[in-house]
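Just so we're aligned, residue 1 is where the sequence shown starts under the working numbering, counting upward by one. Quick reminder that beta carbons are idealized off the backbone N, C-alpha and C, glycines included.
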Amino acid sequence: MRLLLPGTLVVFLLVLVEVGLLSPSHPDPVRQAWTPATSSPPEEMRVSLAGSPHLGPTHGAAAARLSSFHAERAPDVDDEALTAVVRRLCVTCHNDRMSTGNLSLQGFDVANAADRGEVTEKMITKLRLGMMPPPGIPSPGADTLLALVETLERKADEAAALNPNPGVRLLQRLNRAEYERTVEALLAVPVDASAYLPPETISDGFDNIADVQNISATLLDGYFRAAGQVARMAVGDPDAGPRQATYKAPRTTAQLEHVEDAPYGSRGGISVVHHFPADGFYSFRLEFHPEPTGYLYGQTALDEQLEVSINGERVALIEVDRWISEADPDGIAMRTESVFIQAGPQRVSAVFIPTYHGPVSDLLAPVRHTLADARIGLALGVTTLPHLRDLIIAGPHRTTGVSQTASRSKIFSCRPTAPAEEEPCVREIVERIGSEAYRRPLTDSDVDGILALYRQDAEVGGFEVGVRTAIQAILSSPHFIFRVEALEADAPRNEAVPVPAEALATRLSYFLWGAPPDAELRELGRTGALNDRAVLEAQTARMLADPRAEALATRFAAQWLKLQRLDVIHPDPRRFPEFDDRLREYMREETELLFHHLVQEDRSFLELFTADYTYVNEALARHYGLAGVAGSDFRRVAVDDTGRHGLLGHASILTLTSHANRTSPVDRGLWVMEVLLGTELPPPPPDVPDLDVTASEDTESGRSLTVRERLEMHRTSPTCNACHQFIDPLGLPLEHFDVTGLWRIRDEGNPLDSRGELWDGTPLENPQDLRQALLDRKVPVVRNFTSRLLTYALGRRLHPQDMPTVRSITRDAETQGFRMSAFIHGVIQSDAFRMRGPEVMARTSQETTP
Numbered sequence: 001m002r003l004l005l006p007g008t009l010v011v012f013l014l015v016l017v018e019v020g021l022l023s024p025s026h027p028d029p030v031r032q033a034w035t036p037a038t039s040s041p042p043e044e045m046r047v048s049l050a051g052s053p054h055l056g057p058t059h060g061a062a063a064a065r066l067s068s069f070h071a072e073r074a075p076d077v078d079d080e081a082l083t084a085v086v087r088r089l090c091v092t093c094h095n096d097r098m099s100t101g102n103l104s105l106q107g108f109d110v111a112n113a114a115d116r117g118e119v120t121e122k123m124i125t126k127l128r129l130g131m132m133p134p135p136g137i138p139s140p141g142a143d144t145l146l147a148l149v150e151t152l153e154r155k156a157d158e159a160a161a162l163n164p165n166p167g168v169r170l171l172q173r174l175n176r177a178e179y180e181r182t183v184e185a186l187l188a189v190p191v192d193a194s195a196y197l198p199p200e201t202i203s204d205g206f207d208n209i210a211d212v213q214n215i216s217a218t219l220l221d222g223y224f225r226a227a228g229q230v231a232r233m234a235v236g237d238p239d240a241g242p243r244q245a246t247y248k249a250p251r252t253t254a255q256l257e258h259v260e261d262a263p264y265g266s267r268g269g270i271s272v273v274h275h276f277p278a279d280g281f282y283s284f285r286l287e288f289h290p291e292p293t294g295y296l297y298g299q300t301a302l303d304e305q306l307e308v309s310i311n312g313e314r315v316a317l318i319e320v321d322r323w324i325s326e327a328d329p330d331g332i333a334m335r336t337e338s339v340f341i342q343a344g345p346q347r348v349s350a351v352f353i354p355t356y357h358g359p360v361s362d363l364l365a366p367v368r369h370t371l372a373d374a375r376i377g378l379a380l381g382v383t384t385l386p387h388l389r390d391l392i393i394a395g396p397h398r399t400t401g402v403s404q405t406a407s408r409s410k411i412f413s414c415r416p417t418a419p420a421e422e423e424p425c426v427r428e429i430v431e432r433i434g435s436e437a438y439r440r441p442l443t444d445s446d447v448d449g450i451l452a453l454y455r456q457d458a459e460v461g462g463f464e465v466g467v468r469t470a471i472q473a474i475l476s477s478p479h480f481i482f483r484v485e486a487l488e489a490d491a492p493r494n495e496a497v498p499v500p501a502e503a504l505a506t507r508l509s510y511f512l513w514g515a516p517p518d519a520e521l522r523e524l525g526r527t528g529a530l531n532d533r534a535v536l537e538a539q540t541a542r543m544l545a546d547p548r549a550e551a552l553a554t555r556f557a558a559q560w561l562k563l564q565r566l567d568v569i570h571p572d573p574r575r576f577p578e579f580d581d582r583l584r585e586y587m588r589e590e591t592e593l594l595f596h597h598l599v600q601e602d603r604s605f606l607e608l609f610t611a612d613y614t615y616v617n618e619a620l621a622r623h624y625g626l627a628g629v630a631g632s633d634f635r636r637v638a639v640d641d642t643g644r645h646g647l648l649g650h651a652s653i654l655t656l657t658s659h660a661n662r663t664s665p666v667d668r669g670l671w672v673m674e675v676l677l678g679t680e681l682p683p684p685p686p687d688v689p690d691l692d693v694t695a696s697e698d699t700e701s702g703r704s705l706t707v708r709e710r711l712e713m714h715r716t717s718p719t720c721n722a723c724h725q726f727i728d729p730l731g732l733p734l735e736h737f738d739v740t741g742l743w744r745i746r747d748e749g750n751p752l753d754s755r756g757e758l759w760d761g762t763p764l765e766n767p768q769d770l771r772q773a774l775l776d777r778k779v780p781v782v783r784n785f786t787s788r789l790l791t792y793a794l795g796r797r798l799h800p801q802d803m804p805t806v807r808s809i810t811r812d813a814e815t816q817g818f819r820m821s822a823f824i825h826g827v828i829q830s831d832a833f834r835m836r837g838p839e840v841m842a843r844t845s846q847e848t849t850p
């Protein structure tokens with residue numbers, strides 16, 4: 001009979017042969033290089049002098065030392081001995097033929113580690129996490145691994161110091177979010193950029209990475225269309241013709257409670273900000289959800305009324321006709337008479353007037369989640385109340401002019417009283433608006449080009465039409481759309497130089513505010529004072545104290561933590577009836593508010609994981625079961641449950657890492673690994689089945705299997721287990737949280753088993769254990785956060801030459817207690833942020849990433 005060895009055993013035996021453990025006569029170069037004060041080696045060495053593995057509980061200790069900022073200094077081991085360790089322990093799998101993990105260490109020499117920067121940085125990441133050598137493979141002691149990783153870091157850092165290259169960011173354009181904030185800051189016009197611009201490409205977790213920003217004819221056409229519409233909204237259009245705008249009440253939004261920003265005392269409906277192009281008469285069409293038979297849903301409700309208000313003042317009150325149906329000429333809809341409304345952005349609310357107070361009979365989510373069916377689902381529960389579906393604003397049907405608005409006040413700083421005064425006035429407007437839009441003073445050529453367009457349209461339409469054209473020209477200019485960092489003509493191209501102060505002001509404002517620089521920052525850029533480190537530090541402190549610094553939470557942190565994924569998770573309404581779009585937004589806001597608090601109060605970054613408080617409003621507090629919170633405003637509350645402390649207890653994180661009908665230890669483990677620890681695993685092979693197609697019942701008893709049991713079946717394949725052994729232990733401790741983040745003790749009716757063990761032997765069972773494991777691995781966690789912050793600030797992916805900067809910022813932050821300001825100031829004061837590298841070196845560096 002022929003014995004077939006399992007694949008993992010074969011690999012294990014190959015490693016034993018390779019490292020010499022099956023051949024006692026094969027000496028260990030690390031042992032030969034070891035020169036301790038005593039004649040015997042340290043107890044924690046995993047490879048004994050006799051050549052047999054020492055399988056004591058030292059792997060976890062090794063990982064703890066590798067991940068600690070306060071580990072004792074590693075012993076001095078020469079480069080040759082460390083290279084031998086790499087060849088004997090690593091090359092067996094990481095060679096040119098197998099290229100495990102897309103990494104080959106064949107021919108790697110520790111002495112020349114800096115020459116292979118990408119490979120070196122990958123090794124540093126894995127070693128600091130204690131993930132290599134992997135579980136089941138004999139490993140040298142903690143001191144040997146610590147000596148290896150510290151040597152690799154030292155060589156990379158020394159090479160960067162000798163040959164600094166802060167890198168060059170390619171041409172960067174305003175993305176959707178930046179465009180909206182910039183237009184509102186410039187012209188006081190709220191605009192939805194998604195109506196004109198396609199979705200942004202996400203690279204390295206962010207939407208502002210310059211070298212992947214697509215620039216196409218379609219995209220530029222979108223910017224031009226947006227410029228025309230924004231200019232009309234800002235200046236106003238007394239000749240505007242009737243148009244329609246439709247606002248939809250999401251099907252997954254409950255219509256039973258007060259809608260945010262709607263008049264108090266109302267229920268359901270919708271509240272939006274609509275821009276009216278001119279003073280005139282407008283009408284409103286209100287469409288309701290039908291029931292499957294085509295009649296009004298909730299037609300049994302008596303005396304239902306719907307109020308339409310502008311900025312909280314009622315302009316129409318409609319008695320809901322219980323008998324309307326889809327067969328009617330106007331469908332299930334009602335209209336208002338035309339009402340006069342002034343130009344500019346106004347808040348429009350269409351809401352129901354409550355007819356009584358107390359419990360209502362909406363037991364479950366009232367509207368189906370499937371895109372194919374917009375009807376209210378009878379199978380989802382019982383409801384007796386009408387639900388608004390669409391608010392359609394039509395007009396103007398007749399205009400009477402354009403009133404003064406915030407936008408017009410910002411634009412028209414002067415008014416000509418004679419023809420001769422027109423052009424000087426326009427020049428003043430163009431220079432002021434243009435310099436703010438271009439984020440630099442305008443040149444004579446800039447002004448002359450815009451004035452030529454002004455004259456062309458002013459001859460036909462008059463002064464305001466000409467100004468509108470000038471505004472449109474400014475918003476269509478590449479100087480507005482693109483963030484250009486042009487060097488002076490005589491600046492050297494073959495060495496690192498400071499970023500021009502005007503461009504530095506723009507870098508700083510879009511990093512901290514996600515918006516253009518204000519007047520003070522632009523002036524410091526114009527004079528060049530911002531290139532002074534002290535001035536830059538003072539401006540950073542000023543800007544962090546400004547409310548606009550919330551962009552670090554809503555832009556940076558939201559993308560780093562992948563909060564946008566919340567938008568694509570739709571929990572099954574039959575299992576999670578309390579979940580709706582409002583709750584989804586509240587979950588996101590809780591996490592953003594915690595991060596903003598840490599920045600605003602300059603707290604430790606580590607408090608993101610340990611905070612014994614959170615931010616909730618009444619609806620989110622009710623979801624968590626927290627008492628004593630009333631109203632829609634968010635406020636800070638204490639959290640007694642230690643399992644709920646910090647980020648790992650936030651419903652936002654727990655929901656975005658789930659599926660519609662079940663939790664996912666895999667997605668949660670991957671999120672921890674990628675987002676918090678900063679390491680990625682290769683994608684699964686194409687023939688690996690999804691967990692959802694794994695058997696869901698025990699074939700013998702018919703009992704439903706838990707997610708863990710299905711996962712264990714999935715892991716029986718060695719191919720699957722190769723990655724799941726790292727992923728699953730990070731996700732299983734969160735299994736007591738369901739899809740929407742609520743605590744549970746059973747899964748599919750079975751008791752939950754959330755026990756697991758990290759790759760280094762650390763046992764994990766609950767969120768507290770996972771949190772502590774992350775805190776015990778501060779080096780990779782803090783460095784990953786720093787690299788994410790630096791990536792977002794620079795608007796480009798990091799490269800091997802950037803990692804010494806990350807390590808430097810992290811070391812300095814440690815001396816300041818990991819306060820948030822230490823990381824932010826560290827990024828801004830770094831050469832990578834303040835300097836521009838040689839163009840030739842930058843092109844070379846962008847070919848690889850760590």
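In this structure, does DSSP put residue i in helix, strand or coil?
i, result
"H275", "strand"
"A113", "helix"
"W743", "strand"
"D390", "strand"
"S445", "helix"
"M233", "helix"
"G107", "coil"
"E326", "coil"
"P682", "coil"
"S39", "With a pLDDT of 31 at S39, under the threshold of 50, the predicted position of this residue should be treated as unreliable, though the coordinate-derived value follows. Three-state result, S39: coil."
"Y297", "coil"
"L256", "coil"
From residue i to residue j, what distance separates their C-alpha atoms?
i, j, result
"I411", "S338", "30 Å"
"Q404", "A278", "10 Å"
"G826", "G101", "32 Å"
"I433", "A489", "26 Å"
"F206", "L170", "15 Å"
"R797", "M803", "11 Å"
"I270", "A316", "15 Å"
"E153", "I124", "7 Å"
"A379", "P292", "With a pLDDT of 39 at A379, under the threshold of 50, the modelled position of this residue cannot be trusted, and the question is left open."
Assuming residue i and residue j are in contact, meaning their beta carbons sit under 8 Å apart, how far apart are those beta carbons, in whole angstroms?
i, j, result
"T83", "D109", "5 Å"
"P780", "S67", "6 Å"
"Y615", "L647", "Their Cβ separation, rounded to whole angstroms, is 13 Å, which puts Y615 and L647 out of contact at 8 Å."
"V739", "R662", "7 Å"
Confirm, please, whether the CB-CB distance from residue j to residue i is below 8 Å.
i, j, result
"F281", "G395", "yes"
"F737", "L654", "yes"
"A501", "G837", "no"
"T384", "A301", "yes"
"Q346", "F276", "yes"
"R232", "R408", "no"
"P516", "R439", "yes"
Check each candidate in the options and name the one with the smallest Cα separation from residue i.
i, options, result
"G136", "Q725, I824, T791", "Q725"
"R335", "R347, L388, R440", "L388"
"H799", "M587, H289, T120, T762", "T120"
"S398", "D237, A333, E459", "The sequence shown places Arg at residue 398, not Ser. Checked all of D237, A333, E459; the closest Cα to R398 is D237."
"V499", "Q829, D157, A111", "Q829"
"A245", "E257, V272, G222", "V272"
"E680", "L296, L711, H650, I727", "I727"
"I569", "A114, A832, S658", "S658"
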